[in-house]
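Number of protein chains: 2
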Amino acid sequence: MPKRVDHEERRAQIAEALIRVAGRRGLHAVGMRDVAAEAGVSLRLVQYYFETKEKLLFYGLQHLTARFTARVGARLAAAGPDPGPRATVEALLLASLPTDEEGRTFHLLYSSYAILSVTDGALAAQPFIDNPDAAENALTGLLETARNAGLADPSVAPRTEAVSLLAMAAAMGTSILVGQRTPESAIAVLHHHLNRIFTPTPTKPQ
Amino acid sequence: MPKRVDHEERRAQIAEALIRVAGRRGLHAVGMRDVAAEAGVSLRLVQYYFETKEKLLFYGLQHLTARFTARVGARLAAAGPDPGPRATVEALLLASLPTDEEGRTFHLLYSSYAILSVTDGALAAQPFIDNPDAAENALTGLLETARNAGLADPSVAPRTEAVSLLAMAAAMGTSILVGQRTPESAIAVLHHHLNRIFTPTPTKPQ
DNA sequence: TTTTTCGTGATACGACCGTACCATGATGTT
DNA sequence: AACATCATGGTACGGTCGTATCACGAAAAA
């Protein structure tokens, strides 16, 4: 047998090319030839590793969420070891804002996929219910933990606030994308609500 | 000169056809032939009244926002004459949720246009800054009025809360669209925040 | 009544898209 | 050494898309 290339790695390379070019020109405008050119391979290769465009797009979505998960993890790690619930929540929310080029691409493409999935049934399979639900559950758990630990107002409704925070981050992310809002103002709004939810940390009375 | 047709009316008819078919199959999937068929006219006619597809899309966006404004106005009118600030805010927010077919189309298409405008510069001209800003200003004004009238907690930050409410409505609207959330749960979250912002009306002690 | 101009139709053109087909090195296996 | 098979390139095909072109009836203006 011949060269025996790692198919999964190749697919990842091509998927990243897809993400790059889609982040530049929009998901709707990207064709298989564009992806091939961006990845530096022939059109045939893209066809070889993903038989159809639909499969390429689907794999691209999976790759996108994987990379986003990694991004969130990195932000959490950067928040230091064993960060408090508030720092964790903050890292989670800020990671989803398009404050840098990577975040911009993530937000743009994830929104594009979401809108696409509304009308193009095949995309609507699962990932658009699973991932947001996971984030919502994680955030809810964090708020519950904080409340039980006395770090948050006892009257907060964890799930409702979790949903609210995620929704605000998502929509303000789009506002940033279209140039209506600055990242700073979005962060300020989020901080406002975090200050409302979390009681001032009683660690070190100054 | 010949038949002298009202161009503006024709354009509106075609634009509504565009909105209908785009609401069904997605904005990215709609072609000029689809619009022509939906409007019951020939392809040539669509070309005649909108020379290019870009102009058709642009006019479609204008028409969409006009119809949405009318929808909000109708909701406000339905809230009775001289409704209080809270009822007005509620009507505004609920009108933007995709709870019926019309709202679904509005939300889907407006989101599509927004995402499109990120990469397709020509669309990014103005309307995506102006309209959201107007809504934000209107809501801010209502919250200020309520606060000054003693209907809202004096500690509320009108602009921040306005931004928050609009963002939550927008993002939860998308959640409804993709089937992740029910309209009822979205409305419940909004009510939660309205209850937080507005003090119980002291009109009629029961 | 002639003429000009508007509204409308049918159709053609060039470009691009996703996909399919054919060919050919390279590399393991026998 | 011969062969089977994987990886890759080149290219062609059918379809669709936005746009342009040609043609014609109808009605207001002369």
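Chains as they are written, first to last, in my numbering: chain A, 1 to 206; chain B, 207 to 412.
All C-beta atoms in this analysis are idealised placements derived from N, C-alpha and C, irrespective of residue type, glycine included.
Quantities reported herein were computed from a predicted structural model and do not represent experimental measurements.
For the 8 Å CB-CB criterion, M168 of chain A and S302 of chain B do not form a contact.
The CB of Q386 of chain B comes closer than 8 Å to the CB of F128, I129, P132, D133 in chain A, given here in chain order. Under the 8 Å criterion on CB atoms, S42 of chain A is classed as non-interfacial with respect to chain B. Secondary structure at F274 of chain B: helix, using DSSP grouped into helix, strand and coil. Taking a beta-carbon distance threshold of 8 Å, V324 of chain B counts as an interface residue toward chain A. A355 of chain B sits in coil when the DSSP states are folded into three classes, being neither helix nor strand.
Per DSSP, reduced to three states, the secondary structure at F198 of chain A is strand. Taking the C-beta atoms as reference points, L151 of chain A is found no nearer than 8 Å to V89 of chain A.
L314 of chain B is a Cβ neighbour of L383 of chain B, given a cutoff of 8 Å. Of all residues in the stretch 290–320 of chain B, the ones placed with a Cβ closer than 8 Å to any Cβ belonging to chain A are L314, S317, S318, A320, in chain order. If you draw a straight line from the Cα of N343 of chain B to the Cα of R365 of chain B, it comes to about 8 Å. Y254 of chain B is classed as exposed because its beta carbon has fewer than 16 other beta carbons within 10 Å across all chains shown. Measuring C-alpha to C-alpha distances from G60 of chain A to each of A:D153, A:G23, A:H193, A:L143 identifies A:G23 as the nearest. Distance check between I19 of chain A and each of A:T105, A:T69, A:A91, A:A29 places A:T105 closest, using alpha-carbon atoms only.
In the DSSP annotation of this structure, the continuous segment of the alpha helix (DSSP H) that includes G379 of chain B starts and ends at 364–383. For V227 of chain B, no Cβ of chain A is located within less than 8 Å of the residue's own Cβ.
With respect to the 8 Å criterion, G379 of chain B and P304 of chain B are classified as neighbours on the basis of their beta carbons. In the structure shown, D240 of chain B adopts helical secondary structure according to DSSP, grouped into three states.
For D100 of chain A, the closest alpha carbon among the candidates A:Q13, A:R196, A:T182 is that of A:T182. Taking the CA atoms as reference points, I14 of chain A sits about 15 Å from A66 of chain A.
Each of B:G290, B:L270, B:A297 was checked against the Cα of V278 of chain B, and the nearest Cα belongs to B:A297.
Pairwise C-beta distances place the stretch 111–122 of chain A in contact with the stretch 314–333 of chain B, as three or more of them are shorter than 8 Å.
Residue burial is scored here from C-beta neighbours: A149 of chain A has fewer than 16 other C-beta atoms within 10 angstroms and is therefore classed as exposed. Distance from A146 of chain A to R86 of chain A at the Cβ level is roughly 7 Å; contact confirmed, criterion being Cβ atoms closer than 8 Å. In terms of beta-carbon proximity, G26 of chain A lines the interface with chain B, with at least one pair separated by less than 8 Å. V30 of chain A is not a Cβ neighbour of V41 of chain A, given a cutoff of 8 Å. A:G84 is the residue among A:A186, A:A122, A:G84, A:D120 whose C-alpha sits nearest the C-alpha of G141 of chain A. It is roughly 12 Å from the alpha-carbon of R231 of chain B to the alpha-carbon of A223 of chain B. At a cut-off of 8 Å between beta carbons, V30 of chain A makes no contact with chain B.
Relative to the Cα of A122 of chain A, the nearest Cα in the group A:V5, A:L57, A:A188, A:S155 belongs to A:L57.
Residues of chain A whose Cβ lies closer than 7 Å to the Cβ of L383 of chain B are, in chain order, V118. The C-alpha of R33 of chain A is placed about 26 Å away from the C-alpha of D240 of chain B. Taking H63 of chain A as the centre and dropping the five residues before and after it, the same chain places the C-beta of A15 closer than 6 Å to its C-beta, in chain order. Taking the C-beta atoms as reference points, L372 of chain B is found no nearer than 8 Å to A394 of chain B.
Using a Cβ distance threshold of 8 Å, A376 of chain B and A171 of chain A count as a contacting pair. Counting only Cβ-Cβ distances below 8 Å, T160 of chain A has contacts in chain B at A394, V395, H398, in chain order.
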